[in-house]
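Q:
There are 2 protein chains.
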Amino acid sequence: MKYSERITTIQSSPIRKLAPLANIAKDNGIKIYHLNIGQPDIKTPKGFFDEVKKFDSEVLKYIDSPGLPELISSLQQYYTIYKMHFESDEILITNGGSEALLFSLMATCDPKENILVPEPFYSNYNIFSRSLNVHIIPITTKAEDGFHLPNKEKIQSLINPKTKAILLSNPGNPTGTVYTKKELYMISEIAKENDLWIISDEVYREFVYDGLEYTSFGSIKEVEDRVIIIDSVSKKYSACGARIGSIASKNKTLIAEILKLCQGRLCVSTLNQIGSVELYNTPLSYFMDVNNEYKNRRDVLYNELIKIKGVICKKPTGAFYIIAKLPVENAEDFVIWMLTDFNKDGETVMACPAKDFYATPGLGRNEIRLSYVLNEDDLHKAAIILKEGLEKYLELKK
Amino acid sequence: MKYSERITTIQSSPIRKLAPLANIAKDNGIKIYHLNIGQPDIKTPKGFFDEVKKFDSEVLKYIDSPGLPELISSLQQYYTIYKMHFESDEILITNGGSEALLFSLMATCDPKENILVPEPFYSNYNIFSRSLNVHIIPITTKAEDGFHLPNKEKIQSLINPKTKAILLSNPGNPTGTVYTKKELYMISEIAKENDLWIISDEVYREFVYDGLEYTSFGSIKEVEDRVIIIDSVSKKYSACGARIGSIASKNKTLIAEILKLCQGRLCVSTLNQIGSVELYNTPLSYFMDVNNEYKNRRDVLYNELIKIKGVICKKPTGAFYIIAKLPVENAEDFVIWMLTDFNKDGETVMACPAKDFYATPGLGRNEIRLSYVLNEDDLHKAAIILKEGLEKYLELKK
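As they're listed, the protein sequences go chains A and B.
Residue numbering for the first sequence follows the numbering used here, beginning at 5 and increasing consecutively.
Residue numbering for the second sequence follows the numbering used here, beginning at 5 and increasing consecutively.
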């Protein structure tokens with residue numbers, strides 16, 4: 005049978021493809037510390053479950069395609085905290101941030117067109133774009149620069165007539181980098197001068213540490229007609245299994261166009277939307293506690309990592325990821341080895357090889373991404389196991 | 005700003021685009037009988053809600069990308085009723101039948117390729133295919149033939165080197181047609197001889213009346229490597245708001261390819277999968293009652309429709325739709341007029357214009373699709389209102 009080129013050229017998700025090996029290790033009684041996936045252990049705000057459990061209709065009906073009006077309204081309210089003012093017809097509820105990204109690409113790019121994306125980037129951007137026959141042109145950023153953007157000239161030199169959008173996550177997954185206001189204005193200028201869309205993936209918006217100022221593209225008036233804001237309850241409220249995301253844009257025509265796609269898939273699940281109304285009503289104090297927790301975790305993991313000989317990493321300032329450069333040739337081989345050939349007292353660590361976060365061949369081969377979504381004790385243990393594993397691995401490879 | 009061609013060429017969903025007019029009528033105190041949308045009023049099996057309410061984890065986590073193992077297992081069990089035997093790695097859970105269809109098209113067609121679809125067809129097929137730059141070549145079927153398929157030669161004459169799949173719904177939406185075993189074998193032969201995929205949308209599988217035999221493409225051994233079965237809990241269990249669908253195929257390579265897309269969007273919502281395990285465990289006796297109910301409803305609506313002077317329709321044998329040809333020039337104009345200019349004692353009917361279910365320009369302009377998803381009393385009232393509305397409309401147009 006013949007498969008489409010778009011699907012055969014997609015690589016398996018690096019975050020998920022090693023899952024079978026982890027399952028085998030678990031079946032063999034090994035405990036795994038999962039630093040490979042952004043599944044937080046923080047409690048989902050109870051209001052979500054309370055609202056779901058209150059549902060008492062006897063028929064689980066469709067909801068309007070744009071989303072549950074109460075949820076759109078609580079999102080509007082939420083955005084005012086960030087001084088962003090969206091009308092109800094400027095927001096669409098989606099099946100997670102994933103569908104929001106897919107629909108944004110569908111609305112802005114035709115096959116063989118391209119988007120600029122700072123690399124390393126969230127590897128599923130590859131899946132969304134490949135499935136639509138859209139190419140990614142990477143803007144390479146480096147660990148040495150804390151994964152901040154190169155200058156305007158460098159970025160502009162990458163643009164060609166088929167470039168339609170700049171897609172970036174801020175704070176960055178997998179880098180943990182929070183872009184400065186200056187960087188945002190530079191990107192805005194480039195977008196305006198080259199008539200590009202800005203697709204701003206802000207699902208980690210709340211996870212910014214060290215008193216850093218966070219700027220959203222949604223607050224830059226000059227580009228409001230070309231900015232598409234992607235959001236999700238997954239990380240923010242530790243509600244990954246709800247699959248509730250959203251698209252917001254001051255460009256009403258864009259929203260009307262994407263609404264057609266929303267109508268095509270009818271609606272987003274009713275119960276999760278009902279529960280998510282309560283999520284977006286969560287008081288800001290929630291984030292102070294959560295942020296403090298993540299900041300401490302980052303410090304625990306980072307402080308252990310830099311103790312490991314040969315490991316290079318910069319302290320990230322946002323999201324809950326760290327990219328670490330290891331003194332190995334092939335980080336994926338090391339990650340697999342940790343699952344199949346190593347354990348310390350029946351425990352091991354699963355990391356995520358970073359090479360698939362890069363579009364440029366060869367980059368990231370010796371890097372891993374670690375998520376600090378476990379409690380401090382576990383993270384500490386995991387870092388020790390990683391250290392011992394790495395030492396043993398290096399010895400074997402000598 | 006520049007939008008993609010793929011999105012600007014998508015038409016708004018005919019099922020949903022008139023919703024604002026209905027809302028205005030409702031705001032004016034008019035009661036609307038919704039015969040325009042396939043939202044059943046049948047109770048969702050209680051087990052769904054019971055399971056959801058039993059959920060007691062404090063964190064709403066991601067689930068495996070292919071789907072909740074218990075749900076896949078209950079689907080496997082369910083399919084054995086139809087003598088279809090799928091292994092656990094031959095099923096993927098999706099965000100409704102919609103995502104199952106989108107992913108199936110992504111996996112089988114590249115831009116500028118095409119699929120054959122009997123028309124009239126579920127209009128959202130247009131949205132899925134257009135969003136992927138895939139064309140639909142219609143196989144025209146007619147009310148006079150009960151929307152059954154033309155002969156093999158006619159269908160084969162439509163195939164060209166860029167044809168990759170035949171997509172059809174059985175029982176048919178919007179036709180209510182149940183294909184015969186002979187038709188299925190003819191399509192299977194065509195698919196084999198021309199190396200095409202068969203994407204079989206069987207979400208109305210249980211809704212077959214008058215003792216008719218139902219055959220699934222999943223039971224035809226000769227084409228098992230090229231058949232993709234789409235299913236959904238929406239209609240079957242009156243659980244439209246759950247957004248749980250699935251893809252099943254004996255072609256493991258295909259499933260492995262589509263799994264990459266599933267990994268891209270991480271997972272389907274946790275709670276709805278947990279509830280849906282119970283849905284697929286629903287005893288078959290449930291469908292006997294439900295089917296009996298739908299059969300009676302069909303009879304009520306059909307018997308009233310054929311009494312209306314100038315209306316032409318055949319008695320459908322499956323799903324819960326009827327296509328009726330009206331003695332008007334423009335059925336959409338009539339549908340809108342019913343919402344904006346007509347009511348009988350404060351009540352009116354919303355139908356769905358059928359022209360957008362056709363790909364061939366000009367076809368279906370004088371047809372409407374009616375869903376019999378209301379109870380018999382309401383359906384009866386709705387049919388009377390439709391009759392009086394039509395008579396008044398025809399008088400005005402004289």
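The C-beta atom is built at its ideal place from N, Cα and C for all residues, glycine as well.
In this text the structure is predicted, and so the values were computed from the model without any measurement.
1) First and last residue of the alpha helix (DSSP H) that includes residue 387 of chain B?
2) Spell out the partners DSSP gives residue 257 of chain A in its beta bridges.
3) Just checking: is the beta-carbon of residue 395 of chain A within a distance shorter than 9 Å of some beta-carbon in chain B?
4) Rounded to whole angstroms, how far is the Cβ of residue 226 of chain B from the Cβ of residue 192 of chain B, which I believe are closer than 8 Å?
5) Buried or exposed for residue 157 of chain A, going by 16 or more other Cβ atoms inside 10 Å?
6) What did DSSP end up calling residue 274 of chain B once you bin it into helix, strand or coil?
7) Helix, strand or coil: which one does DSSP assign to residue 224 of chain A?
8) With DSSP as the reference, identify every bridge partner of residue 351 of chain B, one or two as the case may be.
9) What's the C-alpha gap between residue 211 of chain A and residue 196 of chain B?
10) Quick check for students: name the residue ranges of the alpha helix (DSSP H) that lie wholly in the segment 173-235 of chain A, counting only runs of 4 or more.
11) Is it the case that the Cβ atoms of residue 267 of chain A and residue 69 of chain A are separated by a distance below 9 Å?
12) Identify the residues that DSSP records as bridge partners of residue 356 of chain B: which are they?
13) If you follow the beta strand (DSSP E) that residue 12 of chain A is part of, which residue opens it and which one closes it?
14) Nearest to residue 64 of chain A by CA position, among B/21, B/47, B/380, is which residue?
15) Grouping DSSP H, G and I as helix and E and B as strand, with all else coil, what is residue 320 of chain B?
16) Counting only Cβ pairs nearer than 8 Å, list the residues of chain A close to residue 201 of chain B.
17) Can you find the residues in the same chain that come closer than 6 Å, C-beta to C-beta, to residue 255 of chain A, ignoring five residues on each side of it along the sequence?
18) Rounded to a whole number of angstroms, what is the C-alpha to C-alpha distance between residue 37 of chain A and residue 328 of chain A?
19) Going by beta-carbon coordinates alone, are residue 323 of chain B and residue 279 of chain B separated by less than 9 Å?
20) Going by the beta-carbon positions, is the gap between residue 102 of chain B and residue 10 of chain A smaller than 9 Å?
21) Can you give me the start and stop residues for the alpha helix (DSSP H) that residue 130 of chain A sits inside?
22) With a cut-off of 8 Å on the beta carbons, I'd call residue 8 of chain B and residue 45 of chain A a contact; round off their distance for me.
23) Quick one, which residues of the segment 239-250 of chain A are near chain B if we go by CB-CB under 7 Å, in chain order?
24) If contact means a Cβ-Cβ distance below 7 Å, which residues of the segment 112-133 of chain B contact chain A?
25) If we ignore side chains and look at the alpha-carbon of each, how far apart do residue 262 of chain A and residue 26 of chain A end up?
26) Would residue 360 of chain A be called buried (16 or more neighbouring beta carbons within 10 Å of its own) or exposed?
27) Output, in chain order, the set of chain B residues within a Cβ distance shorter than 8 Å of residue 1 of chain A.
28) Could you please give me the residues that DSSP links to residue 98 of chain A through a beta bridge?
29) Where does residue 307 of chain A land, buried or exposed, given buried means 16+ other C-beta within 10 angstroms?
30) Taking residue 257 of chain B as the reference, which of B/160, B/232, B/208, B/245 has the closest Cα?
31) Less than 8 Å between the CB atoms is what I'm expecting for residue 22 of chain B and residue 389 of chain B, so what's the real figure, rounded?
32) Where does residue 325 of chain A sit, in a helix, a strand or coil, going by DSSP?
33) Determine, for residue 63 of chain B, whether the minimum Cβ-Cβ distance to residues of chain A falls below 9 Å.
34) Check the Cβ-Cβ distances between residue 44 of chain B and every residue of chain A, and say whether any is below 9 Å.
35) Enumerated in chain order, which unbroken segments of the beta strand (DSSP E) with a length of 3 residues or greater are wholly contained in the segment 42-123 of chain B?
36) At least one CB of chain B closer than 9 Å to the CB of residue 317 of chain A: is that the case?
A: The relevant details are as follows:
1) Under the DSSP assignment, residue 387 of chain B falls in the alpha helix (DSSP H) whose first and last residues are 380-401.
2) Partner(s): none; residue 257 of chain A has no beta bridge.
3) For residue 395 of chain A, the answer is no, since every Cβ of chain B falls outside 9 Å of its Cβ.
4) The pair is a contact, with the Cβ atoms about 6 Å apart (cut-off 8 Å).
5) Exposed is the call here.
6) Residue 274 of chain B falls in the helix class under three-state DSSP.
7) In the structure shown, residue 224 of chain A sits in coil (DSSP, three-state: anything other than H, G, I, E or B).
8) Residue 351 of chain B is bridged to B/35, B/348.
9) Residue 211 of chain A and residue 196 of chain B: Cα-Cα distance of roughly 54 Å.
10) Listed in chain order, the complete alpha helix (DSSP H) runs (minimum 4 residues) inside the segment 173-235 of chain A are 185-197.
11) Yes, the pair counts as a contact, with Cβ atoms nearer than the cut-off.
12) The partner list for residue 356 of chain B (beta bridge, DSSP) reads B/373.
13) For residue 12 of chain A, no beta strand (DSSP E) segment is defined; the enclosing uninterrupted segment is the alpha helix (DSSP H) at 9-12.
14) The residue with the shortest Cα to Cα distance from residue 64 of chain A is B/47.
15) Residue 320 of chain B: coil per DSSP, three-state reduction.
16) By Cβ distance, chain A contributes 5.
17) Answer for residue 255 of chain A: 229, listed in chain order.
18) Each residue's alpha carbon lies about 17 Å from the other.
19) Contact flag unset, no.
20) No, the Cβ-Cβ distance between residue 102 of chain B and residue 10 of chain A is not below 9 Å.
21) Boundaries of the alpha helix (DSSP H) around residue 130 of chain A: 128-135.
22) Rounded to whole angstroms, the Cβ separation of residue 8 of chain B and residue 45 of chain A is 39 Å, and the two are not in contact under 8 Å.
23) So the list reads 242, 243, 244, 245, 246, 247, given in the order they occur along the chain.
24) Per Cβ criterion, the list reads 112, 113, 114, 115, 128, 131, 132.
25) Taking the straight line joining both Cα atoms gives about 38 Å.
26) Per the 10 Å Cβ criterion, buried.
27) Nothing in the structure corresponds to residue 1 of chain A, since chain A is present only between 5 and 402.
28) For residue 98 of chain A, DSSP records a beta bridge to A/249.
29) It counts as exposed.
30) Selected option, being the one with the closest Cα: B/232.
31) In this structure, residue 22 of chain B and residue 389 of chain B do not form a Cβ contact; the two beta carbons are roughly 17 Å apart against a cut-off of 8 Å.
32) Of the three classes helix, strand and coil, the one that applies to residue 325 of chain A here is strand, per DSSP.
33) Closer than 9 Å: yes.
34) Interface residue (Cβ-Cβ distance to chain A less than 9 Å): residue 44 of chain B is classified as such.
35) Within the segment 42-123 of chain B, complete beta strand (DSSP E) segments of at least 3 residues are found at 95-99, 118-123, given in chain order.
36) Residue 317 of chain A does not count as touching chain B.
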